[in-house]
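Residue numbers (the working numbering): 15 to 917.
Note that CB positions come from ideal geometry on N, CA and C, so glycine has one too.
Structure record follows, encoded as structure tokens.
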Ligand SMILES: [Zn+2]
Ligand SMILES: [Zn+2]
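In structure tokens form, the structure reads like this:
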């Protein structure tokens, strides 16, 4: 009898706590309003045995031992090995094992770090968190290298990853078996995570190649990109992905209530209110969420679904839409690089899978966007996604590797190898690929003219050549090396460096001038890159034209005309293969070797001295005669590329080598100590003279395998001559091609070559067998003649003003432009590219589908959505970079004509 009141009181007390707990829990948020688990964890009773097996080790630990793997302090992934300094960027240098959890083993030299061994952590960093609490972070400081080594904090990274994996495995074991002991463990882990988050400092780990570990200036959000409280970078790393899944899996377990009873506080409330919601709010404090590390928006949706906070689903999904529509150009390409495109789209796929099928709670209408979601279908909401997904494949190499542009790793395969290649372009991003051939004879000459919008290189008018199975003239691409300044520099690219200076970066957008994907087999592209060299006063010309001319099913050569006007030193640069060793031969004998390139005193002040310093072991010759050089593969001198330089003015030729970096490895597998182990050939043709110096560089590339197929490339005189008119004769077998390239404007003057070809226009190609003309190609011209043969057209291009820009997306029946100019109706112009010049002088290209007459106006119907919203005098870009441009849009549609003899 005497015991009864006590038992009764105890029961009542428990019930009281339970009631209290549930009351607070409800007030904490809305999570009690949804059925958990909310997310699909893909686990069921059939998985019980495997799930239990997976958690044996952690279950064998005491609770306290297990919880010691939830780090109390901020972690770091960056820690150099003080023995060898191997790897890159101090990034993930050490291996770690749960069997020896307080040790680190260097992946590069095998050095074993232990807390009481060599390199003790005796230096102190004091850190004060947002609560005003101060504590010490201990680390080892290397006086000689001036490097800080946070070994224990790096161990924390590994412990943190381990406990996350265990927590998820325990959650799965609980879902599969319903056994409370598993839920108990997850509850403990989450409770400890919430506790550590409360006290965590905001730490900054910026700086390359030696990362630092500093207390952030502000402990309040928004955090800078290289800082974080829960993660190490923001906003991408700040949301507790992993923890949200654990929470969802055990949400229904009474173990959370039991733990609340033991702790004396509502554990669910604490996890949601003091851990999950603050991370969401910290992330949302960052202004823009158009980000290549976008997966966190999917995590935000998962969190919002689990804690039943629909406003965060709407917030995240709005930003997901912005990444698609405002992060990509009108061609669907993410604004940074092919590699970052795929990083972003893979994150977006995660976001889509989090959002798909989502329905708002009954009666919910979002306060910000005024919408409610019922069975959300991201791909229907964002139709542009269909174009975005694989946009970079347009310019991929035939091998299936992404085109190496900006920060893109070499040999990143997406989408598989191709059997056939044609000319393609990403006109919004700014990158054209002249292409042809099937099987082993696929070939590309790519011209890059994009802007600089993140992860970019200083590379306007860069050219690459992919042929005979190899990237023969390369872009080094992405590296995390100590000489990243070199791999992103103007000097490491195939272009003309002006005044030994770097291109200045943004705004660097190039202007497409013309694109002819296939005119009876010949293709051509031309772009202007002046904007990128805005730092060179008076530079009024910086243009490159590439022309790909086939000679057989297997072979083609590329003509490259680069004109520069401005500055006083012009260095035409060419770098060979970055994947393999190559041998170099040059028709003009090299002089005494120079250790590195001289930089003229007159331009020294703004010169890219450090990057020129990477050009080594140079042979030097002065010449005013054409010459040729070859880059071939060792052991196979009949495989490589021959370069003909049609110099006709005094030039200094330097032939040497520069670091190719790629072969030091990819990502964290790379090793900085190998930077100077791998080289690529580098050819520099320097012209100098008083500013403004004018140069026209005319080169021909002959990629060959087994047999060189060109018998000669020589300049041919033109009357009347002009410094920016060049002509050449290219001989192959019984054929001779005469090629004339001018920079003339209409009405085009007649240019007559010494071998009897007359051109009025920009580019003319005449192919003869003996004296017989067998083919003629005329680009942007009115007349091309040779003997009795004549190719004449009325106009080299159509021009006009755009008065309206209908879009299907805005309810029009087609995507196109309206103009008062007269163009031939029907499909005569199908396949031609129209170039629009906006009010700010930027140009963009669009493919013509057909020409219609509508109410006395001409409608240029396009094959793609131009993404322009024209209203009055304002043109707004619907897609990235969403500029608003004042002024009239004019257009030019350059035309080509060709005639082939029936042989
Ligand atoms: Zn080491
Ligand atoms: Zn590059």
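- request: Report yes if the C-beta distance between residue 351 and residue 280 is below 7 Å; otherwise report no.
  value: One-based indexing of the chain shown puts residue 351 at position 337. One-based indexing of the chain shown puts residue 280 at position 266. Contact flag unset, no.
message: Beta-carbon within less than 6 Å of residue 194's beta-carbon, same chain only, minus the 5 sequence neighbours each way: which residues are those?
response: Along the chain shown, read from residue 1 onward, the residue named residue 194 stands at position 180. Cβ contact annotation for residue 194 (same chain, cutoff 6 Å, sequence separation greater than five): 269, in chain order.
message: Please give the ranges of any alpha helix (DSSP H) in the region 111 to 161, keeping only runs that are unbroken, at least 4 residues long and fully inside the region.
response: Qualifying alpha helix (DSSP H) stretches: none in this window.
message: I want to check one thing, is the minimum distance from the CB of residue 455 to the heavy atoms of ligand 2 below 6 Å?
response: In the chain shown, the residue the question calls residue 455 occupies position 441. Incorrect: residue 455 has no Cβ contact closer than 6 Å to ligand 2.
task: Apply the 10 Å Cβ neighbour rule to residue 556 and answer buried if 16 or more other Cβ atoms are within range, or exposed otherwise.
output: Here residue 556 is taken as the residue at index 542 of the chain shown, counted from 1. Counting Cβ neighbours within 10 Å, residue 556 comes out buried, since at least 16 surround it.
- prompt: CB residue 652 to CB residue 544, shorter than 7 Å?
  reply: In the chain shown, counting from the first residue as 1, residue 652 sits at position 638. In the chain shown, counting from the first residue as 1, residue 544 sits at position 530. Cβ distance not < 7 Å, so residue 652 and residue 544 don't count as in contact.
query: According to DSSP, what are the bridge partners of residue 477?
result: Sequence index remark: in the chain shown, residue 477 carries index 463 (1-based). 461, per the DSSP bridge assignment.
message: Can you tell me whether residue 262 is helix, strand or coil according to DSSP?
response: As a working mapping, residue 262 is identified with position 248 in the chain shown. Correct three-state label for residue 262: helix.
field: Pairwise C-alpha distance: residue 876 and residue 409
entry: Start at 1 with the first residue of the chain shown, and residue 409 comes out as number 395. Start at 1 with the first residue of the chain shown, and residue 876 comes out as number 862. Whole-angstrom Cα-Cα distance: 21 Å.
- request: Specify, as a first and last residue, the run of the beta strand (DSSP E) that residue 585 falls within.
  value: In the chain shown, the residue the question calls residue 585 occupies position 571. Start and end: 583 to 589.
- request: Return the chain-ordered list of same chain residues with a C-beta closer than 8 Å to the C-beta of residue 599, the five sequence neighbours on each side being excluded.
  value: Residue mapping note: residue 599 aligns to position 585 of the chain shown, counting from 1. So the qualifying residues of the chain are 643, 644, 646.
field: Assigned exposure category for residue 42 - 16 Cβ within 10 Å defines buried
entry: Position 28 of the chain shown, counted from the first residue, corresponds to residue 42. Residue placement at residue 42 is poorly supported in this model, since its pLDDT is 47, which falls under 50; the coordinates still yield a value, given next. Here residue 42 is buried: its Cβ has 16 or more other Cβ atoms, across all protein chains shown, within 10 Å.
message: Please classify residue 919 as buried or exposed, where buried requires at least 16 other C-beta atoms within 10 Å of its C-beta.
response: Absent from the model: residue 919. The displayed extent of the chain is 15 to 917, so no value can be given.
message: Here's the rule I'm using: 16 or more other beta-carbon atoms within 10 Å means buried, otherwise exposed. How should residue 34 be labelled?
response: Within the chain shown, numbered from 1, the residue matching residue 34 stands at position 20. Note on residue 34: pLDDT 36, under 50, position unreliable in the model; no value is reported.
task: Rank 175, 200, 146 by C-alpha distance to the C-alpha of residue 214 and give the top, closest one.
output: As a working mapping, residue 214 is identified with position 200 in the chain shown. Nearest option by C-alpha distance: 146.
message: Please tell me whether, using a cut-off of 6 Å, the distance from the CB of residue 469 to the nearest non-hydrogen atom of ligand 2 is below it.
response: For this step, residue 469 is matched to residue 455 along the chain shown. No - ligand 2 has no heavy atom lying nearer than 6 Å to the Cβ of residue 469.
query: Distance, Cα to Cα, residue 639 vs residue 661?
result: For the purposes of this step, residue 639 is identified with residue 625 of the chain shown, where counting begins at 1. For the purposes of this step, residue 661 is identified with residue 647 of the chain shown, where counting begins at 1. Straight-line Cα distance between these residues: approximately 6 Å.
query: Can you name the start and end residues of the beta strand (DSSP E) that residue 353 belongs to?
result: The residue given as residue 353 occupies position 339 in the chain shown. Premise fails: residue 353 lies in the alpha helix (DSSP H), 352 to 369, not in any beta strand (DSSP E).
Close Cβ partners of residue 666 (< 7 Å) along its chain, the five nearest in sequence each way excluded: The sequence position of residue 666 within the chain shown is 652, counting from 1. Setting aside the 5 residues that flank it on each side, residue 666 is surrounded in the same chain by 634, 636, 700, each with a C-beta closer than 7 Å to its C-beta; the list follows chain order.
task: Determine the direct distance from the alpha carbon of residue 905 to that of residue 388, and round the result to whole angstroms.
output: Counting from one through the chain shown, the residue named residue 388 turns up at place 374. Counting from one through the chain shown, the residue named residue 905 turns up at place 891. Rounded to the nearest angstrom, the two C-alpha atoms are 44 Å apart.
- prompt: What is the C-beta distance between residue 340 and residue 856, in whole angstroms, given that I count them as a contact (C-beta under 8 Å)?
  reply: Taking the first residue of the chain shown as position 1, residue 340 is located at position 326. Taking the first residue of the chain shown as position 1, residue 856 is located at position 842. Actually they do not touch by this definition, with Cβ atoms about 18 Å apart.
- prompt: Comparing the CB of residue 93 with every heavy atom of ligand 1, is any distance shorter than 6 Å?
  reply: Locating residue 93 in the chain shown gives position 79, counting from the first residue. No, the beta carbon of residue 93 sits no closer than 6 Å to any heavy atom of ligand 1.
field: residue 65, enclosing alpha helix (DSSP H) - first and last residue
entry: What you label residue 65 is simply residue 51 of the chain shown in a count that begins at 1. 62 to 68 is the extent of the alpha helix (DSSP H) around residue 65.
field: Any non-hydrogen atom of ligand 2 closer than 6 Å to residue 489 Cβ
entry: As a working note, residue 489 is residue 475 in the chain shown. Correct: residue 489 has its Cβ closer than 6 Å to ligand 2.
task: Could you name the residues of the same chain whose beta carbon sits closer than 8 Å to that of residue 726, not counting the 5 residues immediately before and after it, in chain order?
output: Within the chain shown, the letter at position 712 stands for residue 726. Shown here for residue 726: same chain residues with a beta carbon closer than 8 Å to its own, the five before and five after excluded, namely 743, 744, 745 in chain order.
query: Nearest-angstrom Cα distance between residue 137 and residue 153?
result: Reading the chain shown from its first residue, position 123 is the one you call residue 137. Reading the chain shown from its first residue, position 139 is the one you call residue 153. In this structure, the straight-line span from the alpha carbon of residue 137 to that of residue 153 is close to 5 Å.
task: Kindly examine ligand 1 and report whether one of its heavy atoms sits closer than 6 Å to the Cβ of residue 529.
output: Your numbering for residue 529 matches position 515 in the chain shown. Shortest gap from the CB of residue 529 to any heavy atom of ligand 1: 6 Å or more.
task: Mind reading off the beta-carbon distance from residue 479 to residue 537? Whole number of angstroms is fine, and I expect it under 8 Å.
output: Residue 479 sits at position 465 when you count from the first residue of the chain shown. Residue 537 sits at position 523 when you count from the first residue of the chain shown. Going by Cβ atoms, the distance from residue 479 to residue 537 rounds to 14 Å, so no, they are not a contact pair.
task: Kindly indicate which residue of 492, 446, 349 has the alpha-carbon position closest to the one of residue 462.
output: Start at 1 with the first residue of the chain shown, and residue 462 comes out as number 448. Distance from the Cα of residue 462 is smallest, within the candidate group 492, 446, 349, for 446.
- prompt: Can you list, in chain order, the residues of its chain whose CB lies under 8 Å from that of residue 467, leaving out five sequence neighbours each side?
  reply: Against the chain shown, residue 467 aligns to sequence position 453. The residues are 349, 350, 520, 894, 895.
field: Selected residue, minimal CA-CA separation from residue 405, among 428, 868, 384
entry: Translated into positions along the chain shown, residue 405 becomes position 391. Nearest of 428, 868, 384 to residue 405, Cα basis: 428.
- request: Apply the 10 Å Cβ neighbour rule to residue 902 and answer buried if 16 or more other Cβ atoms are within range, or exposed otherwise.
  value: Reading the chain shown from its first residue, position 888 is the one you call residue 902. Its Cβ having fewer than 16 others within 10 Å, residue 902 is exposed.
message: Taking only three categories from DSSP, how would you classify residue 80?
response: Against the chain shown, residue 80 aligns to sequence position 66. Residue 80 falls in the helix class under three-state DSSP.
message: Three Cβ pairs or more, each shorter than 8 Å: is that satisfied between the region 880 to 899 and the region 833 to 848?
response: Contact between the region 880 to 899 and the region 833 to 848 is absent, because fewer than three Cβ pairs lie under 8 Å.
query: If you measure from the CB of residue 97, is any heavy atom of ligand 1 nearer than 6 Å?
result: For this step, residue 97 is matched to residue 83 along the chain shown. Indeed, a heavy atom of ligand 1 lies less than 6 Å from the Cβ.
task: Go through its chain and collect everything with a Cβ distance to residue 433's Cβ below 7 Å, but skip five positions before and after it.
output: Working through the chain shown from its first residue, we reach residue 433 at position 419. For residue 433, where only same-chain residues beyond five positions count, the Cβ hits under 7 Å are 452, 453.
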